[in-house]
Amino acid sequence: MGGYFGTALMVDLTQRTVEESLLPGEWYRDYVGGEGLGARLLLDLVDPEEDLLSENQPLIFTTGSLTGTAAPASGRCAVVFRSPLTGTLGAANAGGHFAPALKKAGYDVLVVTGRAEAPVVLVIDDDGVDFLDASGTWGKGVSATEDWIRSQLEGTGWQIASIGPAGEKGVLFSSIMTDRHRAFGRGGPGALMGSKNFKAIAVRGTSEPPVADPEGLKEAASFARKELMSEAFVRDEMKPYGTPSFYDAICALGILPTRNWQRDSFPESLPDMAYKTYHETLEVRPYACFGCPIACGRHTKIKSGKWAGLEGGGPEYESMAAFGSKCEVKDLNIVAAANHLANDLGLDIISTGQVIATAMEWAEKGILKKEQLGGLELAFGNGDAVVEAVRLIGNREGIGDLLAEGSVRAAERLGPEAKAAVMAVRGMEMAADGVRASKGEAVTHAVSPRGADHLRPYSSTIDAFGYREPELGIEADAAISITEDGNKGWVKPLMANAMIPNLLGTCLFTNITLAIKPSTWANLHSKALGREMGKDELLLAAERVINLERMINATFGFDGSSDTLPGRFLEEPGVDGPGVGQVVDLKTALESFYERMGWDPEEGLPSVETLTRLGLDWMLYGCD
């Protein structure tokens, strides 16, 4: 079978057993790979009645048909689980070099269940699978953990995915980290891994990923790279400046969250935070994940001030917003310090920054009392307090113990007046892309299966940035306004297009600006697979996975009533930028989206007709 080994490695940490399992061939046809395979496996393995941190909860690492191949940016891996933060389906995705190593070890999928008696590292290579006592690493940060593991293993080429103290201590938005700074970030997979006494995975392999037509794939990959680098923003902004290049544009478009989303723009920060200033203020070198011609990552070292000498991956755009604009901080050295510390602790930077911004508003309004803060001066603009808050959260110390529960649970403990400052959907904190001047993004955040999510899809591409894509039925002359609440049917094909990289094991940044076309991805997949799969068939498979995930969430108790946004966006008009005076009429926005998706307008779930068309009607017998 081209593109896949067809094999899943099943590990039970309680029993210390290891088995290889052949996955059904039709799953590869119907769900393609990556997140699709993970979601289908989760449905079979998870018990909706189990505690969210039960040892029976599975942690599923999945690769795609293009992972580790000649295809551009083919270094991605998905982790699928039930989120301890939200209770929804969890699907985190990371680049780096871990995924190709797992694939080259001969596995499409790694499933981990159970709980080890003592901290353990799972070691996987051509010679088999072993367990390494990791007691000496418990309490260590991500960098020290990676260094120690490599010192214990023979040879080179080991790729490591690990947790830091945040995962060990059950911070509900802790990450699994690889390459020291690439994160399986969203939804708290680190907390689930920590609950299993599971410190890390070390993997290497020498098997070439199975490709049906290697020469054809190389040719298709060459075309895809040319297509990618011909897109102006990728070529002229993202490649030379990385994701910090987003900051200036997003600020200008009025979708930059500022002061805990009380504002949508932070122009006064640009002299200090603009992407060109970033490359002058910090010592910067590019970082590329496996097979990536963009190299959008940045490795930075702080050159001056209190944190001089501290270095690591990032800050990326999301870090700049999380620790910068959301907290009204405009000191890049502070942002970089918070970013580097969060990575080493193993925290999801998006949730961490948002929780801190929310806590700043609580402190400002007297909801968080001085005695609760323990001397922490948690105020907008106080950068030192941001860095200290990161440390406290990652170690569950002081006020950090409360904030480590996430903003929704923390608000429940603080009382009803705290809810207004919570910027989360389905329990997960919002990333750094606004919705008042991008009503498509409002839909994206509201309906994402894993909670607030700016990438499922990045709808601002269409309405705020003005891109169009005829292959998705979004024509060059399509009249799409940034502020109209209706006419959101176009989000459906864009959502399917955004799912494609998650299935193939490639990076969303290759098509976030619609650079690599759906037909190009279909051709790449076909060369790996050994049979022709056109763009329409690939988009249909992506749509099938989207609806599968919707139905999985239904088994967890989520339906259309969960498709909402923080009240701030529904009730408080924007005060600056292109979205000034705007609120989100979400009911109107969802009506047109549901109709295009074929979802029931009342329940917000796929109709019988939709499930039948997608070959998912069997799920009707397993879901209420």
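Numbered continuously in numbering that gives the first Met the number 0, the sequence shown closes out at residue 623. For glycine and all other residues, C-beta sits at the position ideal for the given N, C-alpha and C.
Near residue i, which residues of its chain fall below 6 Å by C-beta distance, leaving aside the five closest residues on each side in sequence?
| i | result |
| --- | --- |
| residue 35 | 502, 544 |
| residue 200 | 121, 160 |
| residue 168 | 395 |
| residue 622 | Its pLDDT being 45, under 50, residue 622 is placed unreliably in this model, and the value from its coordinates should be taken loosely. So the qualifying residues of the chain are 550, 553, 554. |
| residue 596 | 491 |
| residue 473 | 467, 489 |
| residue 440 | 432, 434, 458, 459 |
| residue 531 | 525 |
What whole-angstrom Cβ distance do residue i and residue j have, given they're in contact under 8 Å?
| i | j | result |
| --- | --- | --- |
| residue 460 | residue 512 | 6 Å |
| residue 522 | residue 219 | 5 Å |
| residue 188 | residue 74 | Wrong, their Cβ atoms sit about 18 Å apart, outside the cutoff. |
| residue 108 | residue 66 | 11 Å between Cβ atoms; not a contact. |
| residue 79 | residue 38 | 6 Å |
| residue 202 | residue 101 | 5 Å |
| residue 346 | residue 382 | Not quite, the Cβ-Cβ distance comes to about 17 Å (not below 8 Å), so this is no contact. |
| residue 91 | residue 33 | At roughly 12 Å, the Cβ-Cβ gap does not stay under 8 Å, so residue 91 and residue 33 are not in contact. |
| residue 386 | residue 344 | Between residue 344 and residue 386 the Cβ distance is about 12 Å, and since that is not below 8 Å, they are no contact. |
| residue 354 | residue 433 | Wrong, their Cβ atoms sit about 18 Å apart, outside the cutoff. |
| residue 117 | residue 132 | 7 Å |
| residue 59 | residue 110 | 5 Å |
| residue 428 | residue 348 | Contact doesn't hold; Cβ gap of about 10 Å is too wide. |
| residue 481 | residue 419 | About 25 Å; that fails the 8 Å criterion. |
| residue 413 | residue 2 | Not quite, the Cβ-Cβ distance comes to about 50 Å (not below 8 Å), so this is no contact. |
| residue 158 | residue 177 | 7 Å |
| residue 192 | residue 162 | 5 Å |
Tell me residue i's beta-bridge partners as DSSP assigns them.
| i | result |
| --- | --- |
| residue 311 | 299 |
| residue 284 | 298 |
| residue 61 | 77, 108 |
| residue 121 | 130, 200 |
| residue 177 | 160, 181 |
| residue 8 | 19, 109 |
| residue 424 | 427 |
| residue 262 | 257 |
| residue 605 | 598 |
| residue 473 | 468 |
Is it true that the CB of residue j sits closer than 8 Å to the CB of residue i?
| i | j | result |
| --- | --- | --- |
| residue 357 | residue 421 | yes |
| residue 573 | residue 84 | no |
| residue 559 | residue 604 | yes |
| residue 332 | residue 180 | no |
| residue 43 | residue 113 | no |
| residue 534 | residue 211 | no |
| residue 119 | residue 196 | yes |
| residue 607 | residue 619 | yes |
| residue 397 | residue 365 | no |
| residue 272 | residue 319 | yes |
| residue 634 | residue 289 | The requested residue 634 does not occur in the structure, where the chain is confined to residues 0 to 623. |
| residue 285 | residue 4 | no |
| residue 105 | residue 6 | yes |
| residue 306 | residue 336 | yes |
| residue 260 | residue 449 | no |
| residue 580 | residue 253 | no |
| residue 93 | residue 183 | yes |
| residue 524 | residue 64 | yes |
| residue 475 | residue 451 | no |
Please work out which residues of its chain come closer than 7 Å, Cβ to Cβ, to residue i, disregarding the five sequence neighbours upstream and downstream, and give them in chain order.
| i | result |
| --- | --- |
| residue 324 | 255, 256, 257, 265, 268 |
| residue 515 | 223, 226, 227, 509 |
| residue 292 | 71, 224, 227, 228 |
| residue 455 | 443, 447, 494, 497 |
| residue 233 | 227, 293, 512, 514 |
| residue 380 | 327, 328 |
| residue 204 | 100, 103, 104, 105, 124, 125 |
| residue 277 | 243, 331 |
| residue 401 | 409, 412 |
Is the Cβ of residue i closer than 8 Å to any Cβ of chain C?
| i | result |
| --- | --- |
| residue 351 | The structure shown contains no chain C, having only a single protein chain. |
Might you give, ordered along the chain, the residues of its own chain that have their beta carbon closer than 8 Å to the beta carbon of residue i, omitting 5 neighbours on each side?
| i | result |
| --- | --- |
| residue 407 | 421, 423, 426 |
| residue 390 | 340, 344, 396, 399 |
| residue 465 | none |
| residue 24 | 0, 5 |
Fill in: Meets three-Cβ-pair contact criterion under 8 Å: the region 577-595 and the region 480-498
yes
Practice prompt. Pair every Cβ in the region 213-231 with every Cβ in the region 532-540, then say whether three or more of these pairs are closer than 8 Å.
Written response: In short, these stretches do not touch, since the Cβ pair count stays below three.
Item to complete: Decide if the region 238-249 is in contact with the region 308-328; the criterion is three or more beta carbon pairs, one per stretch, under 8 Å apart.
Response: yes
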